[in-house]
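Novice:
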Amino acid sequence: RGEVGEARRWFGRLQEAGVRPNVFSWTSLVGAYARVGDLEEAMRVLEGMRESGCQPNEVTYLVLIDCAAKKERAELAEGWVRDMVGAGLPVKVEHVVALMDARVRSKILEGVRECWKWLLGGNWPGAPRPSTSHCVDEAAACVYLDAMGRLSDYGELESTWKELHRLPDFAVAMNQKASYVEALLRLGEVGPALRIVEEWGEEGDNVKIGVTLLGGLSSRLGRKEAGESFDRCTKGWRDATKEEVKDIVGRGRKG
232 RGEVGEARRW FGRLQEAGVR PNVFSWTSLV GAYARVGDLE EAMRVLEGMR
282 ESGCQPNEVT YLVLIDCAAK KERAELAEGW VRDMVGAGLP VKVEHVVALM
332 DARVRSKILE GVRECWKWLL GGNWPGAPRP STSHCVDEAA ACVYLDAMGR
382 LSDYGELEST WKELHRLPDF AVAMNQKASY VEALLRLGEV GPALRIVEEW
432 GEEGDNVKIG VTLLGGLSSR LGRKEAGESF DRCTKGWRDA TKEEVKDIVG
482 RGRKG
């Protein structure tokens with residue numbers, strides 16, 4: 232809560248000096264509460280902001296939508312996107328991704344698919360300008376893969392994975408690979424998860440992928456079998472990577 236206290240003191244000093252807080256000052260205070268997960272207080276600050284005659288901008292809304300996502304409050308995120316459209320503010324890719332995350336956490340699969348369709352088509356309500364290409368970025372891909380693992384099935388996950396590889400000007404990176412492995416394991420698809428990591432070989436040599444894989448295997452197979460399976464499918468990895476992965480997962484068990 233140190234950041235919140237500092238933000239409140241700074242905001243109070245502005246008011247004491249007779250300086251009228253502007254949108255950036257208000258947004259900093261909203262953001263301080265949002266970052267510590269205090270959605271209710273962030274909303275109270277938003278109300279005070281509006282009552283003062285200062286209107287939120289796209290940054291204000293982004294921190295609010297992101298906080299609503301973490302609190303599984305998709306209805307608030309959706310309402311703020313509508314407010315942005317009504318105010319003529321640009322709804323950017325990051326707002327759509329945050330909305331999609333809110334819908335994932337609130338278990339609204341059709342809403343998640345809607346956001347994904349918007350990004351693939353490069354257009355959505357309030358978009359700054361229609362795009363002739365897709366607007367899928369790394370964060371969007373990870374959120375959608377996460378949704379497939381939490382809310383859908385193996386078939387749709389596989390279709391999504393293939394779709395990502397077909398997108399022009401989009402290179403599947405380590406973060407998406409880790410999200411894909413995690414989604415497979417969430418769906419109980421241990422065999423496919425092991426096979427894909429083995430297929431990647433040295434290209435999959437990555438701590439995040441390793442922690443995702445070994446952690447997921449440990450919760451499903453038991454420590455001994457998980458360790459053996461992990462070692463078999465990561466033969467091409469550096470010893471240093473594997474040791475770091477095992478250390479992180481081991482510390483997680485103890486914690």
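According to the working numbering, the sequence shown is numbered sequentially starting from 232. Cβ coordinates follow ideal geometry from the N, Cα and C atoms, glycine included. Model, not experiment: these values are computed from the prediction.
For threonine 472 and leucine 395, I'd like the C-alpha separation in whole angstroms.
Specialist: Along the sequence shown, one-based indexing puts residue 472 at 241. Along the sequence shown, one-based indexing puts residue 395 at 164. Distance between the alpha carbons of threonine 472 and leucine 395: 27 Å.
Novice: Of the residues Val316, Leu415, Met280, which one's Cα is nearest the Cα of serine 383?
Specialist: Against the sequence shown, residue 383 aligns to sequence position 152. Closest option to serine 383, Cα to Cα, is Leu415.
Novice: Hey, out of Leu398, Trp392, Pro399, whose CA is closest to glutamine 487's CA?
Specialist: Given a span of 232 to 486 for the chain in the structure shown, any question on residue 487 remains unanswerable.
Novice: Please report the residue range of the alpha helix (DSSP H) in which leucine 350 lies.
Specialist: The residue given as residue 350 occupies position 119 in the sequence shown. Residues 340-352.
Novice: Is valine 442 closer than 8 Å to isoleucine 427 when the C-beta atoms are compared?
Specialist: Reading the sequence shown from its first residue, position 196 is the one you call residue 427. Reading the sequence shown from its first residue, position 211 is the one you call residue 442. Against a cut-off of 8 Å, the Cβ pair of valine 442 and isoleucine 427 comes out as no contact.
Novice: Whole-angstrom Cβ separation of valine 322 and alanine 358, contact assumed at under 8 Å?
Specialist: Along the sequence shown, read from residue 1 onward, the residue named residue 322 stands at position 91. Along the sequence shown, read from residue 1 onward, the residue named residue 358 stands at position 127. Confirmed, about 6 Å.
Novice: With distance defined between alpha-carbon atoms, name the residue in Ser337, Met379, Leu350 nearest to histidine 326.
Specialist: Residue numbering aside, residue 326 sits at position 95 when the sequence shown is read from its first letter. It is Leu350.
Novice: Does the stretch 358-371 come within contact of the stretch 306-320, defined as at least 3 CB pairs closer than 8 Å?
Specialist: Counting Cβ pairs under 8 Å, fewer than three are found: no touch.
Novice: Just confirm the distance between the C-beta atoms of serine 410 and leucine 388, as a whole number of angstroms; I'd bet it's less than 8 Å.
Specialist: Here residue 410 corresponds to residue number 179 of the sequence shown, with the count starting at 1. Here residue 388 corresponds to residue number 157 of the sequence shown, with the count starting at 1. So it is not a contact: roughly 10 Å between Cβ atoms.
Novice: Using the Cα positions of lysine 477 and glutamate 430, report the straight-line distance between them to the nearest angstrom.
Specialist: Translated into positions along the sequence shown, residue 477 becomes position 246. Translated into positions along the sequence shown, residue 430 becomes position 199. Going by the C-alpha atoms only, they are around 21 Å apart.
Novice: Here's a check: name, in chain order, each residue in its chain whose Cβ is nearer than 7 Å to the Cβ of cysteine 464, leaving out the five neighbours to either side.
Specialist: Taking the sequence shown and counting its residues from 1, the one referred to as residue 464 is at position 233. Closer than 7 Å at the Cβ level, and outside the excluded window around cysteine 464, lie Leu425, Val428, Glu429.
Novice: Please list, in chain order, all residues of the same chain as glutamate 303 whose beta carbon is under 7 Å from its beta carbon, the five residues on each side excluded.
Specialist: In the sequence shown, counting from the first residue as 1, residue 303 sits at position 72. Arg336, Ser337, listed in sequence order.
Novice: Tell me which residue opens and which closes the alpha helix (DSSP H) that histidine 365 is part of.
Specialist: For the purposes of this step, residue 365 is taken as residue 134 along the sequence shown, with counting starting at 1. Neither: histidine 365 is in no alpha helix (DSSP H) and is coded neither H nor E.
Novice: To the nearest angstrom, how far is it from the Cα of serine 450 to the Cα of alanine 329?
Specialist: Counted from its first residue, the sequence shown places residue 450 at position 219. Counted from its first residue, the sequence shown places residue 329 at position 98. Rounded to the nearest angstrom, the two C-alpha atoms are 29 Å apart.
Novice: Cα separation between leucine 448 and glutamine 286?
Specialist: The count along the sequence shown starts at 1 and reaches residue 448 at position 217. The count along the sequence shown starts at 1 and reaches residue 286 at position 55. Taking the straight line from one Cα to the other gives about 49 Å.
Novice: Is it right to say tryptophan 241 is buried, meaning 16 or more other beta carbons lie within 10 angstroms of its own, or is it exposed?
Specialist: Here residue 241 is taken as the residue at index 10 of the sequence shown, counted from 1. The residue is exposed, with fewer than 16 neighbouring Cβ atoms inside 10 Å.
Novice: Residues in the same chain with beta-carbon distance under 6 Å from tryptophan 311, minus the five sequence neighbours each way, listed in chain order, please.
Specialist: Position 80 of the sequence shown holds residue 311. Only Tyr292, Leu295, Ile296 meet the Cβ criterion.
Novice: Is glutamate 234 closer than 8 Å to valine 267 when the C-beta atoms are compared?
Specialist: The count along the sequence shown starts at 1 and reaches residue 267 at position 36. The count along the sequence shown starts at 1 and reaches residue 234 at position 3. In contact: valine 267 and glutamate 234 (Cβ atoms closer than 8 Å).
Novice: If you compare alpha carbons, which of Val421, Gly435, Arg381 is closest to alanine 404?
Specialist: By one-based count along the sequence shown, residue 404 stands at place 173. With distances taken between Cα atoms, alanine 404 lies closest to Gly435.
Novice: Could you tell me which of Gly446, Ala248, Lys466, Lys301 sits nearest to glutamate 271, measuring between CA atoms?
Specialist: Taking the first residue of the sequence shown as position 1, residue 271 is located at position 40. Among Gly446, Ala248, Lys466, Lys301, the Cα nearest to that of glutamate 271 belongs to Lys301.
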